[in-house]
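In the working numbering, the protein residues as written are 4 to 85. Comments concern the structure below.
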Amino acid sequence: MEAWPIHEAKARFSELVKRAQQSPQQLTSHGQPVAVVLSAEAYQRQQHTGESLLEFLQRSPLADADDLVLERDRSSTRDEEI
Numbered sequence: 004m005e006a007w008p009i010h011e012a013k014a015r016f017s018e019l020v021k022r023a024q025q026s027p028q029q030l031t032s033h034g035q036p037v038a039v040v041l042s043a044e045a046y047q048r049q050q051h052t053g054e055s056l057l058e059f060l061q062r063s064p065l066a067d068a069d070d071l072v073l074e075r076d077r078s079s080t081r082d083e084e085i
């Protein structure tokens, strides 16, 4: 990822945007990363899909695995005193 000091990014904004279409561009302040500029397409890919956890698990390659054993240990984790 290419790094741009903020003052340079401001002066060359059009070039920054053009390069962000190809790959994310990091903005720095005093040598420290502070932000990343990326294309609208890359941003959309990173947004929440709206998919539920159940839907995600059902899409898993392991969803139809017959050899996957998920057994719960039913033993008590501590002595019960009433």
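Glycine included, each C-beta is placed from N, C-alpha and C at the ideal position.
Inter-residue spacing [alpha-carbon to alpha-carbon] between residue i and residue j
{"i": "S42", "j": "A66", "result": "34 angstroms"}
{"i": "R81", "j": "S55", "result": "34 angstroms"}
{"i": "S32", "j": "S79", "result": "54 angstroms"}
Buried/exposed call for residue i, threshold 16 Cβ in 10 Å
{"i": "A14", "result": "exposed"}
{"i": "A38", "result": "exposed"}
{"i": "Q61", "result": "exposed"}
{"i": "Q50", "result": "exposed"}
Enclosing alpha helix (DSSP H) for residue i [first to last residue]
{"i": "L57", "result": "L56 to R62"}
{"i": "A14", "result": "I9 to A14"}
Residue i Cβ short of 7 angstroms to the ligand NAD heavy atom set
{"i": "D69", "result": "This structure lacks the ligand NAD; in fact it carries no ligand of any kind."}
Host beta strand (DSSP E) of residue i (start-end)
{"i": "A38", "result": "Q35 to V40"}
{"i": "Q28", "result": "Q28 to S32"}
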